[in-house]
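Notes to accompany the following structure.
Residue numbers (my numbering): 4 to 353.
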């Protein structure tokens with residue numbers, strides 16, 4: 004599918020698109036909506052992220068746990084002056100509902116969408132709920148791109164008015180099984196119309212380098228913008244859990260050892276033997292180490308050809324984003340005018 008730009012030269016005109024097309028190293032962050040109807044939670048988190056990233060992902064019932072909707076939270080972000088990337092999963096909606104939600108989201112000012120399969124409901128707090136999966140994530144990408152580029156619904160009927168012009172994103176898991184197939188699955192998403200890609204968390208940079216070598220062989224870095232996923236660790240226990248239990252994440256022993264070393268001053272005591280002040284000090288030391296490691300990962304990932312930015316997933320820890328972005332030398336964030344791009348940077352730009 005050939006992407007069709009609007010009269011201003013952009014596909015969507017979103018801030019994220021403008022930053023990437025201008026050749027800047029992009030930064031996106033993530034915000035998890037609350038398990039409540041409290042909009043102030045979104046506003047507090049938004050205040051921590053404002054000015055520190057180019058766009059903010061709003062998760063869509065992540066881990067299959069019921070939360071405020073991505074579009075609802077995204078509307079609050081727009082009101083707060085931030086740009087949302089709404090996540091849209093195939094788990095909970097059929098193609099009618101998805102297209103309806105996309106029309107509403109666009110009308111409310113949202114310009115970026117990340118197309119996902121969605122975590123299976125058996126992992127969440129409603130394990131007996133019925134899933135939908137009317138279409139898969141690749142078909143979802145194709146549908147959203149066609150709504151923009153061809154001005155049609157999935158059934159082929161044309162819009163009766165304004166088409167939703169989204170900057171279309173997809174996810175990639177470079178180390179999920181079968182590993183050798185992952186670049187080809189990425190190719191399918193790019194062919195379907197993905198303008199940008201956000202990857203799963205990367206901790207093993209060397210393994211990611213090898214993945215990107217194959218991505219470059221396929222020429223995918225010249226067809227889409229790839230944002231490498233990073234995330235600060237809160238404790239060595241978090242690192243060990245990811246290594247053992249989270250599919251698709253490679254956690255080097257070196258990183259686990261660094262996290263453990265950060266708490267070495269309290270290593271001789273059990274959790275019950277630590278005073279409240281010591282527990283706070285140990286937690287602070289671990290988190291500082293996690294932030295340092297994340298900064299180093301960004302600096303290494305930035306040197307890989309084809310990496311156009313990073314997606315920072317600070318899980319329920321939005322406070323960590325500013326020191327990470329600042330420490331990585333990525334502040335202030337660029338301001339790109341909305342006028343037509345004079346020359347679009349290739350997706351693999353620095």
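Glycine is no exception: its CB is placed at the ideal position from the N, C-alpha and C atoms. Being a predicted model, the structure only gives us computed values, none of them experimental.
Rounded straight-line distance, which links the Cα of residue j to that of residue i
i, j, result
"residue 288", "residue 86", "32 Å"
"residue 128", "residue 228", "34 Å"
"residue 34", "residue 208", "25 Å"
"residue 201", "residue 102", "22 Å"
"residue 268", "residue 213", "37 Å"
"residue 356", "residue 47", "Nothing can be reported for residue 356, as the shown portion of the chain is limited to 4 through 353."
"residue 252", "residue 203", "7 Å"
"residue 194", "residue 93", "19 Å"
"residue 157", "residue 283", "53 Å"
"residue 67", "residue 319", "16 Å"
"residue 297", "residue 265", "14 Å"
"residue 151", "residue 188", "23 Å"
"residue 84", "residue 124", "33 Å"
"residue 260", "residue 314", "24 Å"
"residue 224", "residue 22", "17 Å"
Beta-carbon gap between residue i and residue j smaller than 9 Å
i, j, result
"residue 82", "residue 61", "no"
"residue 222", "residue 316", "no"
"residue 337", "residue 104", "no"
"residue 271", "residue 31", "no"
"residue 117", "residue 179", "no"
"residue 258", "residue 236", "yes"
"residue 149", "residue 107", "no"
"residue 141", "residue 111", "no"
"residue 291", "residue 51", "no"
"residue 95", "residue 139", "no"
Presumed contact (8 Å Cβ cut-off) between residue i and residue j, rounded CB distance
i, j, result
"residue 136", "residue 170", "Not really, about 25 Å apart at Cβ, beyond 8 Å."
"residue 430", "residue 172", "Absent from the structure is residue 430, since the part of the chain shown begins at 4 and ends at 353."
"residue 18", "residue 328", "Residue 18 to residue 328, Cβ: 15 Å. No contact."
"residue 300", "residue 28", "With 8 Å as the limit, residue 300 and residue 28 do not qualify as a contact, their Cβ atoms being about 14 Å apart."
Sequence-distant residues of its chain with Cβ nearer than 6 Å to residue i (five each side left out)
i, result
"residue 76", "36, 45 and 61"
"residue 97", "135 and 137"
"residue 353", "With a pLDDT of only 41 at residue 353, under 50, the local geometry of the prediction cannot be trusted, and no value is derived from it."
"residue 339", "21, 22 and 25"
"residue 162", "154"
"residue 53", "85"
7 Å CB neighbourhood of residue i in its chain, flanking five on each side removed
i, result
"residue 323", "235, 294 and 317"
Quiz prompt | Contained beta strand (DSSP E) runs [length at least 3] in the segment 193-252, N- to C-terminal order | solution = 199-204 and 228-233
Quiz prompt | Runs of alpha helix (DSSP H) lying entirely within the segment 115-155, each at least 4 residues, in chain order | solution = 140-152
Quiz prompt | Contained beta strand (DSSP E) runs [length at least 3] in the segment 69-122, N- to C-terminal order | solution = 87-92 and 115-119
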